[in-house]
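Residue numbers (the numbering used here): 37 to 120.
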């Protein structure tokens, strides 16, 4: 695996819904932490939305905790296909 960055698949959420994410392994966060992503983007991977951190992106602990997570709306569960 030399030269390849290890990344974690996880789920991020807030009051608007949840989404799958693919984040670098060198982050010091725990399940339930409220975080802020900088230089992140939503990419379509195998027809599903996935949040990814850019090369110059970073993750910080949020100053304001997320109180409510809407697990009923999963943005990544829908298949996104190009329109013709």
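Quick reminder that beta carbons are idealized off the backbone N, C-alpha and C, glycines included.
Here the structure is a predicted model, which means the values were calculated and not measured.
Query: Go through its chain and collect everything with a Cβ distance to residue 72's Cβ below 6 Å, but skip five positions before and after it.; Result: 96 and 98
Query: With distances taken from CA atoms, which of 75, 81, 44 and 51 is nearest residue 114?; Result: 81
Query: If I measure Cβ to Cβ from residue 102 and keep anything under 8 Å in the same chain, skipping five residues before and after, which residues do I get?; Result: 49, 50, 51 and 70
Query: Is residue 37 helix, strand or coil when you go by DSSP?; Result: At residue 37, the pLDDT of 49 sits below 50, so the modelled position is not reliable; the number obtained from the coordinates is stated separately. Residue 37 falls in the coil class under three-state DSSP.
Query: Here's a check: name, in chain order, each residue in its chain whose Cβ is nearer than 6 Å to the Cβ of residue 104, leaving out the five neighbours to either side.; Result: 51
Query: In whole angstroms, give me the CA-to-CA distance for residue 107 and residue 87.; Result: 16 Å
Query: Quick one: what does DSSP say residue 113 is sitting in, helix, strand or coil?; Result: helix
Query: In angstroms with no decimal places, state the Cα-to-Cα distance between residue 77 and residue 90.; Result: 7 Å
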